[in-house]
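Those protein sequence lines, which keep their order, are chains A and B. Quick note on numbering: the working numbering labels position 54 of the first sequence as 54, and the sequence is numbered without any gaps. Add 1000 to a position in the second sequence, counting from 1, and you land on the number used in the working numbering. Yeah, the Cβ is synthetic: ideal placement off N, Cα and C, and Gly gets one too. Structure, as C-alpha cells:
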Amino acid sequence: MTAHDFGPRTLISHTQMTRGRGPLIYWTLLIVVLVLFTLAFIGPLYWMVTGALKSGQEIAQTPPTLFPQDPNPQNYVDAWNNLNLGKLLFNTFYYAIGALLFQLVLDTAAAYALSKLRPMLGNVVLGMMLATLMIPAMVLIVPQYLTAIDVPILHISLLDSPFAIWLPAVANAFNIFLLKRFFDSIPQDLMHAAIVDGAGPLRILWSVVLPISRPILGVVSIFAVTAVWKDFLWPKLVEPSPSTRTISVGIYAFSGGTPMNVVIAAAVIAAIPTVIFFLVFQRNIMAGLTTGGVKE
Amino acid sequence: MTTVTVDRTTTVPRDGTPYRKRRAYRSQNGLMGWAFLIGAVLCFALFSWYPMIRGIIVSFQRTRRGVTTWVGWDNYERIVNDPSFWTAWKNTAYFTVLALILGYAVPFIVAIIFNEFRHARGYLRALVYLPVMLPPASALFLFKYYAYDPSEAGLFNAILKFLHLPTSQWMQSTTMTMPAMVIASTWMNMGGAVLIYLAALQNIPGSLYEAAELDGAGIFKRIRHVTIPQTKLILSLMLMLQIVATMQLFIEPLILANGAGSQDSATSVAYLIYQHGFFQNDLNGAAALGVIMLVVLGVFSAFYARLSVKQD
C-alpha cells in the first residue's frame, strides 16, 4: 500500500490506516468483506446455475451437494423447449427495444422542448410530469389497465399489442427529468450560435444537443431497457396470451406444473441477458446511478 | 429530484436582438415546442394523468354486465369489510418496518465500510449491484426453491445446520414469512441504495473528519457527528422512497408465498388490489383500495414533511 493509493480523506485517517496495527486491521477487514460479499452475492447465482444442472434426487439430498455429481444440461434443454423460451426471450427483447426507441424519440424531444424551446405552459407540464413520481405504480394499476383495454376516444384495446408496453414506457418522468437537467447544462451560447447560423430547432437538437448528450442518452437507454426486462405485473396484465408474454411472466405461468429444477433453469436463462448487459455497460450504469441519480 | 429550479435567463437570447425579432422567435418556439412535447404529453395523459382521475371516479362506480352506476361509498365499504383488509395493512406495515431496519440501515453501513476501502472498490460495487439487474421473478424463484426449501436440503437450512443453529420452515411458517420476504427483497434491491450512499459519502469534505478527530472524536462519534449530518438530505430522501416502494410489496408475496401465504401471513395491500381487480372481477373495489393507499401515503408524506421541516 503506497501513499498514492489513498484517495481523499474519509472516516479513518491515512495515518491511522498505515501505522501500527492499522494495515493488519485494514487487510483483515477487506478480505473478510470480500469473502462474505462474494458468497452472499455470487453464491446464490452459483447455486442457481449448478442447481439446475442437478437431478431431481440430487437436489432433494441432505446435506446439499456443493458441486453437481453428474452435471446434466437436460433441465436447461427442457426449459428451453417446454416453456418456449426462445419466443419469450424474443418478445421481451422486442418490448425492451421498442420501449427504448419510443423513449429516446419522444422523451428526448419533450425534454428538449422543456429545456430549450420553453413553450407556453411548459413549466406546468413539467410540474405535472414530476408529480407522477410521487404516485405509487400500484395505485394506478387498475385505471391504467382500464385505459389499455379501451383507449379513450380511439376505443381500441391494446391487450396483447406491444404498444401496451411501449406507450406507458414513454410516461417516464424520471428519464425526462434526467434529460432535461442535462440539456439545461448545455450553454445557451452554443445554441445561439446555431440559431445565428439559421438552424431550426430540429436541426439544433440533432446536430448540437444530441451529440454532446451521449452520456445521458446512454444512462436513459440502460434504465429503459432494464425497466422493461424486470417489469412483471404490467406485462402480466396487458400481454396475457402465451404468444405475447414476457419471459418473467412466462416462467411464472409455467411454474405451477413444471419441475422445480426446470423452472430454475428457465430463471437462469431469463437472467443471462441482464447479467451480460450489466457486465458490458457496468461503467455507464454505475456512473449513471451516481451522477444521474440523486445529487445533493 | 426534490426541487426544480427554472432558470429564466436562458429563455431570452442574451445578445442585442431587437425586441420584435425576439418575440417572433419565441412564439415560433412556442408552437415548435409543443410539437416536440406532444408525443410524451399524450402518453402521460393516457397512462398517468387520466388514470389518476379515473381511479378516483371508478372507485365510486360499479360496473356490472356492462352497465356502470354510481354507488357512493359501497366499494370502500366492501373493501374495508374484506376479511383480509386489516391483515394486509398489518403485514404491509410489518414489512415496511422490517425493511427499514434491514433494508435501510444495512446499505448505509455497507456504503460506509466500502468507502474506507482503497482496494477492490469497483468489484464490490458491481457485486452489490448485480442482483438489481436480475429479473425479480428469476431471483425470487431461486429463493423460493433453493434458499427457502423447508427441508434440510435447502440452502439456508443447510447453512444453519452447519452452524449448529435451529433450522426454519421459512415460507411455511407464519412467523418467518415476512422476515424471509424482507431478506429476499433486500438482497435484490440494496445495490442501488449502496451506490447512491457511496456517492453521497464521497462528497463529504475530508477536513470535517480531520477537525472532528482533532477534537478527539472516535470512529462512531465521527459517524454520528460528521457522516450522518452530512448525508442527511440523501438519507431522508431515501427513507421516503423506500417507504413508498415497500408499501407496494407485490411480487415477493406472489412468487414466494403464492400470494397470500399460509394463513394470510403474506397478503399485502398491493396483492389485495391485484386479487380484487383481476381475480374477483372487482376492478371498482380494487380502485377504491388504490385510492385508500394513495391517501395513506399522502397523509404519511405530509406528516413526514412537517417533521423534517420542524427538525431543521
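Note down, in chain order, every chain A residue with its Cβ under 9 Å from the Cβ of TYR1209/B. ARG9, THR10, LEU11, ILE12 and SER13
Is VAL151/A helix, strand or coil by DSSP? coil
Taking only beta-carbon positions, decide if HIS1164/B is within less than 8 Å of chain A. no
TRP1049/B versus chain A: which residues are under 7 Å apart at the beta carbon? MET128
Please report the distance separating the alpha-carbon of ASN175/A from that of ASP184/A. 14 Å
Under three-state DSSP, which class holds VAL1067/B? strand
Return no unless some Cβ of chain A is closer than 8 Å to the Cβ of LEU1307/B. no
Since LYS230/A meets chain B, which of its residues come closer than 7 Å, beta carbon to beta carbon? PRO1135 and PRO1136
Along the chain, which unbroken stretches of the alpha helix (DSSP H) at least 4 residues long are found entirely within the region 1205–1241 of chain B? 1206–1214 and 1219–1222
Can you have a look at PRO211/A and say buried or exposed, based on whether 16 or more other CB atoms are within 10 angstroms of its CB? exposed
Are the C-beta atoms of ALA60/A and some chain B residue less than 8 Å apart? yes
Leaving aside the five residues before and after GLN1230/B along the sequence, list all residues of the same chain whose C-beta is less than 6 Å from its C-beta, in chain order. ILE1204
Compare the C-beta of PRO1131/B with all C-beta atoms of chain A and state if any pair is closer than 8 Å. yes
Which runs of the alpha helix (DSSP H) spanning at least 4 residues fall entirely within the region 1242–1299 of chain B, listed in chain order? 1251–1256 and 1269–1278
Quick one, which of LYS1161/B, PHE1162/B and ALA1147/B has its alpha-carbon nearest LEU1335/B's? What is shown of chain B runs 1001 to 1312, which leaves residue 1335/B out entirely.
Roughly how many angstroms lie between the CA atoms of ALA1288/B and ILE204/A, to the nearest whole one? 47 Å
Counting C-beta neighbours from all protein chains within 10 Å, is the total for LYS1310/B 16 or more, i.e. buried, or is it exposed? exposed
Between the C-alpha atoms of ASN82/A and GLY256/A, what's the straight-line distance to the nearest angstrom? 13 Å
Roughly how far, in whole angstroms, is the beta-carbon of GLN1248/B from the beta-carbon of ALA1270/B, given that I think they are within contact range, below 8 Å? 5 Å
Please tell me whether ARG203/A has its Cβ less than 8 Å away from any Cβ of chain B. no
To the nearest angstrom, report how far apart GLY218/A and ASN284/A are at their CA atoms. 7 Å
Could you check if ARG19/A is buried or exposed, using at least 16 other CB atoms within 10 Å of its CB as the buried criterion? exposed
Note the first and the last residue of the continuous alpha helix (DSSP H) segment covering ALA1153/B. Note, ALA1153/B: premise wrong, no alpha helix (DSSP H); not H, not E.
Could you have a look at ARG118/A and say whether DSSP puts it in helix, strand or coil? coil
Between the region 131–143 of chain A and chain B, which residues of the former have a C-beta closer than 8 Å to a C-beta of the latter? THR132, LEU133, MET134, ILE135, PRO136, ALA137, MET138, VAL139, LEU140, ILE141, VAL142 and PRO143
In the DSSP assignment, what residue or residues form a beta bridge with ARG181/A? DSSP lists no partner for ARG181/A.
ARG1118/B - DSSP class collapsed to helix/strand/coil: coil
Give the DSSP-derived three-state secondary structure of ARG1125/B in the structure shown. helix
Can you tell me which residues form a DSSP beta bridge with ARG1062/B? THR1069/B
Cβ pair HIS1276/B, ALA1266/B closer than 8 Å: no
Sort SER1084/B, VAL1058/B, ARG1065/B and GLY1066/B by Cα distance to TRP1073/B and report the nearest one. VAL1058/B
Taking GLU1252/B as the query, report the chain E residues whose CB atoms sit under 7 Å from its CB, ordered along the chain. Of the protein chains in the structure, A and B, none is chain E.
Cβ shell of ILE59/A (< 8 Å), same chain only, five flanking positions each side left out: GLY51, MET260 and ASN261
DSSP three-state label for ARG283/A, please. helix
How many Å lie between HIS155/A and ILE269/A at the Cα? 38 Å
Does any CB atom of chain A fall closer than 8 Å to the CB of LEU1155/B? yes
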